[in-house]
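In this text, residue positions in the sequence shown follow our numbering: the first is 1, and each later residue adds one. Glycine is no exception: its CB is placed at the ideal position from the N, C-alpha and C atoms.
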Amino acid sequence: SKAMVFVPTWDGLHAVRSKDGVETWSRSWPGYGYETPPALSPDGAALYVVSRDLPSTRDKADAPARQYYIKALRATDGRELWRTPITGTSLGPSPGVSADGSVVYATMGEGLLVALDAKSGRQLWQSAMVARSNLPPVSSADGATVFAVSDTEHFTVQDAKLLHAFRASDGQQLWRIETLHVSPDFP
């Protein structure tokens, strides 16, 4: 898996050998689903994605509510290792993985940070941020702290972003600072 490229598309996930571009496996999504670009475990054995599964119909009036998941897939063949349903109203960015590979972190679109055991998918904790997050969470090198960026409460393009630091062991927010101002000229 270290010599593979994993490409998400609207119809599935494709594993391609980096040396010659040959697809070695693909996985299609159920119904009208989608998954984020995958995060690779440090040992290259597993992929982690945030996904939504929708029914096959695109008629929203007849469709049940979206269900969001964090999933682990085996990198060698795409087999699903586990899936954990996550409460949320919108899909977040790609997940992050702790430096030692033991924890998967994901932010849901409305500002939830979730920590899962990487082997079982069991939810370890969940913490709220001020608003939505469009960037993957990042673990410190020592694994003690998780960082996540969120929008401010009243998002506009010119607004600042908030950088949050959470204790990795229990999700307790350690601090939050306003940072990352975006220029009004930003396209």
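Below 8 Å CB to CB, which residues in the same chain sit around Ala-115 once its five sequence neighbours on both sides are set aside? Looking up residue 115 in the sequence shown gives position 115. Result list for Ala-115: Val-103, Val-104, Tyr-105, Gln-123, Leu-124, Trp-125, Gln-126, Val-146, Ala-168 and Gly-171, in chain order.
Does the beta-carbon distance from Pro-42 to Gly-101 come in below 9 Å? For the purposes of this step, residue 42 is taken as the residue at position 42 of the sequence shown. For the purposes of this step, residue 101 is taken as the residue at position 101 of the sequence shown. In this structure, Gly-101 lies closer than 9 Å to Pro-42 by Cβ.
Could you check what DSSP says for Trp-82 in three-state terms: helix, strand or coil? Your numbering for residue 82 matches position 82 in the sequence shown. Strand, per DSSP.
Which class does Trp-10 belong to by DSSP, given the choice of helix, strand or coil? Residue numbering aside, residue 10 sits at position 10 when the sequence shown is read from its first letter. Trp-10: coil per DSSP, three-state reduction.
If you drop the 5 nearest sequence neighbours on each side, which residues of the same chain put their C-beta closer than 8 Å to that of Ser-120? The sequence position of residue 120 within the sequence shown is 120, counting from 1. Here Ser-120 has Trp-82 as same chain residues with Cβ atoms under 8 Å from its own Cβ, once five neighbours each way along the sequence are excluded.
Throw me the rounded Cβ distance for the Gly-92 and Ser-133 pair, which I believe falls under 8 Å. If you number the sequence shown from 1, residue 92 lands on position 92. If you number the sequence shown from 1, residue 133 lands on position 133. Taking 8 Å as the upper bound for CB-CB distance, Gly-92 and Ser-133 are in contact here, some 6 Å apart.
For Ala-106, does the three-state DSSP call read helix, strand or coil? Here residue 106 corresponds to residue number 106 of the sequence shown, with the count starting at 1. In this structure, Ala-106 counts as strand in the three-state DSSP scheme.
Could you pull the start and end residues of the beta strand (DSSP E) that Thr-36 belongs to? Position 36 of the sequence shown, counting from 1, holds the residue named residue 36. Neither: Thr-36 is in no beta strand (DSSP E) and is coded neither H nor E.
Exposed or buried, what is Pro-187 when buried is set at 16 or more other beta-carbons lying within 10 Å of its beta-carbon? Mapped onto the sequence shown, residue 187 falls at position 187. Only weak support exists for where Pro-187 lies, its pLDDT of 41 falling under 50; the value from the coordinates is given anyway. By the 10 Å Cβ count, Pro-187 comes out exposed.
Pull up the CB-CB distance for Lys-19 and Ala-3, whole angstroms please, since I reckon it's below 8 Å. Here residue 19 corresponds to residue number 19 of the sequence shown, with the count starting at 1. Here residue 3 corresponds to residue number 3 of the sequence shown, with the count starting at 1. Contact holds; Cβ gap of about 6 Å.
C-alpha distance - Ser-150 paired with Gly-111, whole-angstrom precision: The residue given as residue 150 occupies position 150 in the sequence shown. The residue given as residue 111 occupies position 111 in the sequence shown. If I take the Cα positions, the gap works out to 7 Å.
Let's test the definition: count the other Cβ atoms within 10 Å of the Cβ of Ile-177 and tell me whether it reaches 16, buried, or not, exposed. Your numbering for residue 177 matches position 177 in the sequence shown. Exposed, since its Cβ has fewer than 16 Cβ neighbours within 10 Å.
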